Each structure stands twice: as structure tokens, then as C-alpha cells.
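Asker: Can you read through this structure? Questions will come right after.
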Amino acid sequence: MFDPGSWIYRYYINPIIYDTSYNPVDTATWAIVLGLCILGLVRLFGKLDIKMDERLVAYTLPYVLAGASSRVIEDAELVSAPWRYLLITPLIFFLVFLVTASSLLLCRKILGEDFLQGYASIGLVWTLLNLLPSLRRALRIPGS
Numbered sequence: 119m120f121d122p123g124s125w126i127y128r129y130y131i132n133p134i135i136y137d138t139s140y141n142p143v144d145t146a147t148w149a150i151v152l153g154l155c156i157l158g159l160v161r162l163f164g165k166l167d168i169k170m171d172e173r174l175v176a177y178t179l180p181y182v183l184a185g186a187s188s189r190v191i192e193d194a195e196l197v198s199a200p201w202r203y204l205l206i207t208p209l210i211f212f213l214v215f216l217v218t219a220s221s222l223l224l225c226r227k228i229l230g231e232d233f234l235q236g237y238a239s240i241g242l243v244w245t246l247l248n249l250l251p252s253l254r255r256a257l258r259i260p261g262s
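In my numbering, the protein residues as written are 119 to 262.
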């Protein structure tokens, strides 16, 4: 008999908890979910008249650095379970997407047409906050 709970653990939860590789079931699922998120964001960009251009890409780069530095935090074991699971693929991709999209939309709503600097600033602050624990550990600063 089919047990949905064990199936979910086998294909979705255990690969994250035990940091094993992807499997065909979760790979297909994550690809579909991420694709739907991107399509939804593209539609939202159209409604809000946000241009996807070189400037937007450049101002999004701090979020790429934030995502990479978040993964370093997990690899360096600076965060324990269950929070560390958010920093393991594929969940880290969804975390970065959620924070990035939320920051962009919030800055657009608050700052209007000239939102890109505020948007990039949030990404830079996130990256710097991610670097602090690594820097403390590297320099062996007390309290780390």
C-alpha cells in the first residue's frame, strides 16, 4: 500500500536532511516549482512595469553573493539544524528567490520608479551580514 508520508520523506525530506544528491522525483518537482515562480514573477514585472534589463541584473548581483555566502555558512557549519536545512540546495534557491523577489517588490512599492539602489542595498546588507560569522571565525574573535 502506498504511504504518502514515507514517499515524501524518501524523495524530498531525507535528501535535504542528509545532504544527499538530487533524485529524479525531487529534481522534476523543484524544476517545475521554480519555473512557475519565475513565470509568476515575469507576469508581475509586466503588471508593475519593471524592466528586465542590464541595470536590474547588475542590481541583483548582491543577492547572488548573499546566496553564495549563505551556502558557505552552511558548509562551515555555522548554523545548526533545523535552520541549516534552509541553506542546503534546493531550499536555498527558494530562500534566495523569496528574499530577492520580496525585496524587489517592496522597494518598488515604497520607492517607486527609482527603487534599484534601495533594492541593491538590501542585498548588500544581507551579504555583509552573512560574512560576519565567517570573518569572526577566521579571525577567532571572542563571542563567535
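Each residue gets a CB set at the ideal place from its N, CA and C atoms; glycine is no exception.
Remember, it's a predicted structure, so these values are computed and weren't measured experimentally.
I need the straight-line Cα distance from LEU209 to GLY164, nearest angstrom please.
Answerer: If I take the Cα positions, the gap works out to 27 Å.
Asker: According to the Cβ coordinates, are ARG226 and LEU166 closer than 8 Å?
Answerer: Yes, these two residues count as a Cβ contact at 8 Å.
Asker: What are the start and end residues of the alpha helix (DSSP H) that includes TYR181?
Answerer: 172 to 193 is the extent of the alpha helix (DSSP H) around TYR181.
Asker: Find out if the Cβ-Cβ distance for the pair ARG255, ALA194 is shorter than 8 Å.
Answerer: A contact, by the Cβ cut-off of 8 Å.
Asker: On the DSSP letters alone, give me the boundaries of the alpha helix (DSSP H) that THR207 sits inside.
Answerer: Unbroken run through THR207: none, as it is neither H nor E.
Asker: Tell me which residues share the same chain as LEU196 and place their Cβ nearer than 6 Å to its Cβ, disregarding the 5 neighbours each side in the sequence.
Answerer: So the qualifying residues of the chain are PRO251.
Asker: Using only alpha-carbon positions, find the residue among TYR130, PHE215 and ASP232 that is nearest to LEU179.
Answerer: Checked all of TYR130, PHE215 and ASP232; the closest Cα to LEU179 is PHE215.
Asker: Given that a residue counts as buried once 16 or more other Cβ atoms are within 10 Å of its Cβ, and exposed if not, what is ILE156?
Answerer: Exposed: under 16 other Cβ atoms inside 10 Å.
Asker: Taking the C-alpha atoms as reference points, what is the distance between LEU234 and ILE150?
Answerer: The alpha-carbon atoms of LEU234 and ILE150 are separated by roughly 29 Å.
Asker: What is the C-beta distance between THR245 and LEU162, in whole angstroms, given that I count them as a contact (C-beta under 8 Å)?
Answerer: The Cβ separation is near 24 Å, so there is no contact.
Asker: Do the CB positions of LEU213 and GLU192 come within less than 8 Å of each other?
Answerer: Not a contact, by the Cβ cut-off of 8 Å.
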